[in-house]
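What follows is one structure encoded as structure tokens, with my remarks underneath.
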Amino acid sequence: MKMTVDFEECLKDSPRFRAALEEVEGDVAELELKLDKLVKLCIAMIDTGKAFCVANKQFMNGIRDLAQYSSNDAVVETSLTKFSDSLQEMINFHTILFDRTQRSIKAQLQNFVKEDLRKFKDAKKQFEKVSEEKENALVKNAQVQRNKQHEVEEATNILTATRKCFRHIALDYVLQVYLLYIFKKCLLNVSLFLSDYTEKNK
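Each residue of the sequence shown is one higher than the one before, starting from 1 at the first, in the UniProt record's numbering.
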């Protein structure tokens with residue numbers, strides 16, 4: 001997702017601004033699809049990983065039972081105990097990995113999709129609504145009969161107020177675009193940092 005929306009173009013409501021918005025909206029839609037897919041894959045990985053840990057614990061307990069059964073043969077008992085201890089350590093690391101993945105990656109991505117993308121969509125709806133109102137005010141202003149001074153003043157006042165409202169909402173929308181871009185960048189960097197931190201502290 002590239003930042004191509006300019007504040008000055010936003011205030012002018014230029015064709016370049018509209019084209020940049022269209023591009024950003026397409027990027028956001030694609031980003032949302034990719035993040036939804038990533039969250040689903042992350043959930044599947046965590047669930048599968050937890051099932052893997054449970055199966056490993058059962059296997060490890062079976063090895064420990066066999067080690068206790070082989071207590072009359074010290075070599076077999078020691079080997080099986082060391083193997084089960086190694087499995088226990090691996091299970092502990094996997095449990096930590098899945099827990100941190102759930103907290104640092106899955107939860108943040110879900111929050112980003114639910115909260116930040118929702119704010120963007122709300123700003124987009126407001127922008128589309130006020131854009132339509134501005135277009136209607138422009139049409140009404142163009143259609144008013146110039147010999148009726150009262151109607152001309154009313155249409156001009158409505159157009160002026162609608163333009164001011166449009167500029168305010170458009171700037172808010174562009175701000176949401178920038179915030180979304182910044183949050184996306186930070187979120188991905190923090191998630192990667194946390195996963196790297198988890199890897200280094202094993």
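Just so you know, even glycine gets a beta-carbon here, dropped at the ideal spot from N, CA and C.
Subject >> Pairwise C-alpha distance: Glu135 and Asp99 >> reply: In this structure, the alpha-carbon of Asp99 lies about 52 angstroms from that of Glu135.
Original post:
Could you give the distance in angstroms between the alpha-carbon of Glu32 and the alpha-carbon of Gln68?
Top reply: 53 angstroms
Original post:
Taking Asp36 as the reference, which of Lys140, Ile105, Val144 has the closest Cα?
Top reply: That would be Ile105, whose Cα lies nearest to the Cα of Asp36.
Original post:
Anyone know if the C-beta pair for Ala17 and Asp27 falls short of 9 angstroms?
Top reply: Sequence check: residue 17 is Phe here, not Ala. It is not a contact, given that the beta carbons lie outside the stated cut-off.
**OP:** Please determine if the region 45-62 and the region 79-89 are in contact, where contact requires at least 3 C-beta pairs separated by less than 8 angstroms.
**Re:** yes
**OP:** State the start and end residues of the unbroken alpha helix (DSSP H) segment that holds Asn61.
**Re:** 15-69
Original post:
Nearest CA to the CA of Leu60: which residue from Lys140, Ile46, Ser79, Asp73?
Top reply: Note that residue 60 is Met in the sequence shown here, rather than Leu. Among Lys140, Ile46, Ser79, Asp73, the Cα nearest to that of Met60 is on Ser79.
Original post:
Where are the alpha helix (DSSP H) runs, 4 residues long or more, that stay fully inside the region 64-152, in chain order?
Top reply: 74-100, 107-111, 117-143, all fully within the region 64-152.
Original post:
Do Ala137 and Ile158 have their CB atoms nearer than 9 angstroms?
Top reply: yes
Original post:
Can you tell which of Glu132, Phe112, Glu25 has its C-alpha closest to the C-alpha of Lys184?
Top reply: Phe112
Original post:
Exposed or buried, Gln176, counting other C-beta atoms within 10 Å across all chains shown (16 or more means buried)?
Top reply: buried
**OP:** Taking all protein chains shown into account, decide if Leu180 is buried (16 or more other Cβ within 10 angstroms of its Cβ) or exposed.
**Re:** It is buried - the Cβ of Leu180 has at least 16 other Cβ atoms within 10 Å.
Original post:
Hey, is the region 112-128 in contact with the region 164-175, meaning 3+ C-beta pairs nearer than 8 angstroms?
Top reply: yes
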